[in-house]
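K.L.:
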Amino acid sequence: MGMRSYCASASVLAMLATASPAWAQNQAAGSGVGLEDIIVTAQRKEESLQKVPVAVTALSSELLDNARITNVESLSGFAPNVQLTTQGVQSIPIIQIRGLLSGTSDNGVDPKIGIYLDGVYIGRSVGSVFDLADLERVEILRGPQGTLFGRNSTGGAISLVSAAPTGEFGIKQQVSYGNFDAFRARTILNLPAMGPLSLKLSYLHDEMGGYSKNLLAGKTLDFSLRQPDFGTLTYARELGAKNVDAVQVAARLDIAPEFKVDYHFDYTDSKTTAGPMQFLGTTPDAVGQLAGAIIAFQPMTGGITNAGRSLLPEVAAATSVQPLTVEGHNLTFQWDVADELTVKSITAYRKMKQKPNIHDLGATGGLRFSVAQLGALLTGDVTGVLDPANQPGPNDSLFTLLTARSTSQKQFTQELQFIFDWDSVDLTSGLFYFHENSPATNVLGIFQPVMNGVVLPTPLDDAFGSGVTRTRAINDSMAAYGQATWHATDQLDLTLGARYTIDDRETMLISAAGAGGSGLIPGRVYKTSYSKFNYTGIVTWRPNQDVTTYAKIASGYVAGGILGAIPYEPENLTSYEVGLKSQWFDNRLRANIAAFYSDYKDLQTASFVGGVQRFDNAGKARIWGIEGEFQAAPFDGFTLDASVGYTNFKYKEYLVYDEVNDQFNDVADIARVTYTPKWNARLAGNYEFAELPGGGNVFVSAEARYRSSTPLTEFPSGSPALDALATAKAFTLVDARAGIAALPLANTAIDISVWGKNLFNERFATFGPVAINQVIAPDRGRTYGIDFAFKF
Numbered sequence: 001m002g003m004r005s006y007c008a009s010a011s012v013l014a015m016l017a018t019a020s021p022a023w024a025q026n027q028a029a030g031s032g033v034g035l036e037d038i039i040v041t042a043q044r045k046e047e048s049l050q051k052v053p054v055a056v057t058a059l060s061s062e063l064l065d066n067a068r069i070t071n072v073e074s075l076s077g078f079a080p081n082v083q084l085t086t087q088g089v090q091s092i093p094i095i096q097i098r099g100l101l102s103g104t105s106d107n108g109v110d111p112k113i114g115i116y117l118d119g120v121y122i123g124r125s126v127g128s129v130f131d132l133a134d135l136e137r138v139e140i141l142r143g144p145q146g147t148l149f150g151r152n153s154t155g156g157a158i159s160l161v162s163a164a165p166t167g168e169f170g171i172k173q174q175v176s177y178g179n180f181d182a183f184r185a186r187t188i189l190n191l192p193a194m195g196p197l198s199l200k201l202s203y204l205h206d207e208m209g210g211y212s213k214n215l216l217a218g219k220t221l222d223f224s225l226r227q228p229d230f231g232t233l234t235y236a237r238e239l240g241a242k243n244v245d246a247v248q249v250a251a252r253l254d255i256a257p258e259f260k261v262d263y264h265f266d267y268t269d270s271k272t273t274a275g276p277m278q279f280l281g282t283t284p285d286a287v288g289q290l291a292g293a294i295i296a297f298q299p300m301t302g303g304i305t306n307a308g309r310s311l312l313p314e315v316a317a318a319t320s321v322q323p324l325t326v327e328g329h330n331l332t333f334q335w336d337v338a339d340e341l342t343v344k345s346i347t348a349y350r351k352m353k354q355k356p357n358i359h360d361l362g363a364t365g366g367l368r369f370s371v372a373q374l375g376a377l378l379t380g381d382v383t384g385v386l387d388p389a390n391q392p393g394p395n396d397s398l399f400t401l402l403t404a405r406s407t408s409q410k411q412f413t414q415e416l417q418f419i420f421d422w423d424s425v426d427l428t429s430g431l432f433y434f435h436e437n438s439p440a441t442n443v444l445g446i447f448q449p450v451m452n453g454v455v456l457p458t459p460l461d462d463a464f465g466s467g468v469t470r471t472r473a474i475n476d477s478m479a480a481y482g483q484a485t486w487h488a489t490d491q492l493d494l495t496l497g498a499r500y501t502i503d504d505r506e507t508m509l510i511s512a513a514g515a516g517g518s519g520l521i522p523g524r525v526y527k528t529s530y531s532k533f534n535y536t537g538i539v540t541w542r543p544n545q546d547v548t549t550y551a552k553i554a555s556g557y558v559a560g561g562i563l564g565a566i567p568y569e570p571e572n573l574t575s576y577e578v579g580l581k582s583q584w585f586d587n588r589l590r591a592n593i594a595a596f597y598s599d600y601k602d603l604q605t606a607s608f609v610g611g612v613q614r615f616d617n618a619g620k621a622r623i624w625g626i627e628g629e630f631q632a633a634p635f636d637g638f639t640l641d642a643s644v645g646y647t648n649f650k651y652k653e654y655l656v657y658d659e660v661n662d663q664f665n666d667v668a669d670i671a672r673v674t675y676t677p678k679w680n681a682r683l684a685g686n687y688e689f690a691e692l693p694g695g696g697n698v699f700v701s702a703e704a705r706y707r708s709s710t711p712l713t714e715f716p717s718g719s720p721a722l723d724a725l726a727t728a729k730a731f732t733l734v735d736a737r738a739g740i741a742a743l744p745l746a747n748t749a750i751d752i753s754v755w756g757k758n759l760f761n762e763r764f765a766t767f768g769p770v771a772i773n774q775v776i777a778p779d780r781g782r783t784y785g786i787d788f789a790f791k792f
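With this note's numbering applied, the sequence shown covers 1 to 792.
1) Decide yes or no for the touch test of the stretch 571–582 against the stretch 48–63: beta carbon pairs closer than 8 Å, at least 3 of them.
2) Assign Asp725 to one of three DSSP states: helix, strand, or coil.
3) Which runs of the alpha helix (DSSP H) fall wholly inside the stretch 295–381 and span at least 4 residues, in chain order?
4) Can you tell me the Cα-Cα spacing of Ala498 and Ala480, whole angstroms?
5) Please list the terminal residues of the continuous alpha helix (DSSP H) segment that includes Ala463.
6) Between which two residues does the alpha helix (DSSP H) holding Glu62 run?
7) Ignoring anything shorter than 3 residues or poking outside the stretch 102–181, list the beta strand (DSSP E) runs there in chain order.
8) Looking only at its chain, what residues have a beta carbon closer than 8 Å to the beta carbon of Leu191, apart from the 5 residues adjacent to it on each side?
9) Is the stretch 730–745 in contact with the stretch 640–656, if contact means three or more CB pairs nearer than 8 Å?
10) Where does Gln322 land, buried or exposed, given buried means 16+ other C-beta within 10 angstroms?
11) Could you check which residue in Gly218, Phe259, Gly210 has the C-alpha nearest to that of Asn243?
12) Could you check what DSSP says for Ser74 in three-state terms: helix, strand or coil?
13) Which same chain residues, not among the five before or five after Gly556, have their C-beta less than 7 Å away from its C-beta?
14) Determine, using beta carbons only, whether Leu398 and Pro449 come nearer to each other than 8 Å.
15) If Val315 and Leu239 are in contact, beta carbons under 8 Å, what's the gap, nearest whole angstrom?
16) Check whether the Cβ atoms of Lys678 and Ala668 lie closer than 8 Å to each other.
17) Let's test the definition: count the other Cβ atoms within 10 Å of the Cβ of Trp755 and tell me whether it reaches 16, buried, or not, exposed.
18) How should Val82 be labelled, buried or exposed, when 16 other C-beta atoms within 10 angstroms of its C-beta is the threshold for buried?
19) Helix, strand or coil: how does DSSP classify Asp636 here?
20) Report, in whole angstroms, the separation of the C-beta atoms of Lys410 and Lys351, which I expect to be a contact under 8 Å.
21) With which residues is Asp658 paired in a DSSP beta bridge?
22) Measure the CB-CB distance between Gln774 and Leu280 and report whether it falls below 8 Å.
23) For Leu141 versus Ala163, is the C-beta distance shorter than 8 Å?
24) Going straight from the alpha carbon of Gln43 to that of Thr485, what length do you get?
25) In whole angstroms, what separates the C-alpha of Phe149 from that of Glu703?
26) Comparing alpha-carbon positions, which option in Phe265, Pro693, Ile97 lies nearest Ile793?
27) Spatial neighbours of Ala559 within its chain, please: C-beta separation below 7 Å, excluding the five flanking residues on both sides.
28) Does the stretch 212–232 come into contact with the stretch 440–460, if we say contact requires no fewer than three beta-carbon pairs (one atom in each stretch) closer than 8 Å?
29) So, does the stretch 173–185 touch the stretch 783–790, judging by three or more C-beta pairs under 8 Å?
30) Expressed to the nearest angstrom, what Euclidean distance is found between the alpha-carbon atoms of Val89 and Val698?
31) On the criterion of 16 or more Cβ atoms from any shown chain inside 10 Å, does Ser31 qualify as buried, or is it exposed?
32) Which whole-angstrom value describes the C-beta separation of Tyr235 and Thr332, a residue pair presumed to lie in contact below a C-beta threshold of 8 Å?
33) Cα separation between Ala741 and Thr187?
34) From the DSSP output, which residues share a beta bridge with Gly556?
35) Would you kindly work out how many angstroms separate the C-alpha atoms of Ala363 and Gly308, rounded to a whole number?
36) Relative to the C-alpha of Phe259, which candidate in Leu233, Trp335, Leu253, Leu311 has its C-alpha closest?
Right under this line is the structure:
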């Protein structure tokens, strides 16, 4: 669905709309209060969203519920120039903010976009899309976060804020049923205060069936000869399925009016299955030609190619269930020492573990080809390939690309904040420490033969780069920061921020597959250290109470390190931004606009070209764009919400190493920007009817989110037809919800609603890498269901 369909959807939204953001919510019929304000902590202290000189979108718990935002991935499109998807695997996200991509799954690479839970930095991309049982709000910050937020980041930050216990007895129960055998239940229990202690317990169960059947379901892959501790893994029955249980505990101890202690515990146990990967074609290079030759013989050997861009109801996938557990502890002390000074300590310990699993990234789990046939093909012996004696057995196969992995991480963070509030100056300062220990094992098989279900090491491993990469990353980061705002006049604020960071990184390279493409020697420990000074400067002018304007310069950086066996350097970004935040007509209309320009240097990029994995500092880029967010309450009970974003990304230098000529070539003129649509937009609204005679309100809502097309691969393949397939086409997603809220029943209030997401069953794909072959991961399609909730 393109822009034309988006405009058609807009006409529907004149009458309907999805739940709008927090500042446009809770508009009871006849209230006459306009748009509701919201308090955010985008600068690590509480401020009004409309007063803070930062590009931030805040989503309340009501919006999260009404829009059925169940994890970080679901936030895609809810803020301008923000897109999220997964790498085919539900536990590994790709997050894009203002053209910067974050989501490398390796334990040696820091995210470019930080994710924070109650102020605690989540160190690894794997597991950062965990489900949460109870949130108060989500804040999405766009632009580099180089001063105040935990670890440095060049792209932005997503801050998740848990709801505090109320100290009053209350139960809220939500149950949802939907297609694909979806069932979701969430229970929140607030206990009455026990003296100074308030306690809240939350539990979530979320399950959903797959959207493509696996023709290889129940078959096994034995890794005993390649990586013994992986054992034998079983292929999943359905692709795209999930089964998640999550628990949260929140406790607050009000020791004195000026001193409180908060403890948060979260635990998520998820068993997910990657969605189907489908084959689009082979690249014209030598590796692609070999893969193409093997695929050409599949009609004779009885193999399955999984060919097709549109979603196939059945595919042959060597994909197993992916068990992942995530656990976190957070202890926060806040002491209001005086009216002018607050001291806060945030101590946290987190860990995650992803057990061995297979993801058929290359979509070739269904290929049937024997070791003997591969040998004959490599020597050009077609007769040998066709020889009946060389045909594959009933449980023989061959992967053009086999990937299996396991990883875990333990991290400790300590942050100490000193927040000063004088008459003319505000100062937020602090010290930050981060430590992590993260082992990982990655099995990589290129043109990997499997005989009778057993993965075979072969003499060709070194030539193809197959093998096992085992690493242990031990990283430390220390920082001191401060950001001061001088209230020069009642209308003018001047802000300066600075942060000095030291990153010490250690990688134990236990073993390395040849596809890493580096000269590092296994069995050694490699250490690197980086230091960086970052800064922020903001001029804020408020001509009146309803208008805030600002001009901002900010820098951010991401540390270097070693990915697998590949060393890389830090990346740096400097952003220039101007913004306007305004509200009109007694706060019934709100318009926030920002424009930015980013100077991006030494950007870290990952690629897999010619069978060799690369991770490089590509060079330089410039990015500019605009963002607009608009909310309106034209009359009581009706709210509208709209946003639009534009991103223009251009490489100024993109260096790629040429092994043949032992030199770097600048390919900026052909490099393409992936997963970054130039245009994105959202239009939403909500109408709440007058209260019914017996109580309760009927509501109806809908929304449309549009994103323009974007290439899925960085470089042209040499085949225009294949490149056209490897494109995420422009699409519009339309969601709707209708029901009755706060209907009195005995001593409770119940909510009942029906909902649908992607109502027009738009077929699209937002992930499609070159994995020896060009592949694509189609989306699930339309989902719908019914929600029921009560509270007392």
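Heads up, the beta-carbon is just placed ideally off N, CA and C, and yes, glycines get one too.
P.N.:
This is what the structure gives:
1) yes
2) Per the sequence shown, the amino acid found at residue 725 is Leu instead of Asp. Three-state DSSP puts Leu725 in a helix.
3) 298–301, 371–378
4) 8 Å
5) 461–464
6) 61–66
7) 113–117, 137–142, 156–161, 170–178
8) Pro165, Phe169, Ser198, Leu199, Lys200, Leu201
9) no
10) buried
11) Gly210
12) helix
13) Pro144, Gln145, Gly146, Asn152, Ser153, Thr154, Asn534, Leu573
14) yes
15) 7 Å
16) no
17) buried
18) buried
19) coil
20) 4 Å
21) Gln663
22) yes
23) no
24) 11 Å
25) 32 Å
26) Since the first and last residues shown for the chain are 1 and 792, residue 793 lies out of range.
27) Asp110, Asp503, Arg505, Tyr530, Pro570
28) yes
29) yes
30) 38 Å
31) In this prediction, Ser31 scores a pLDDT of 39, lower than 50, which makes its location untrustworthy; no coordinate-derived value is stated.
32) Their Cβ separation, rounded to whole angstroms, is 44 Å, which puts Tyr235 and Thr332 out of contact at 8 Å.
33) 18 Å
34) Leu573
35) 11 Å
36) Trp335
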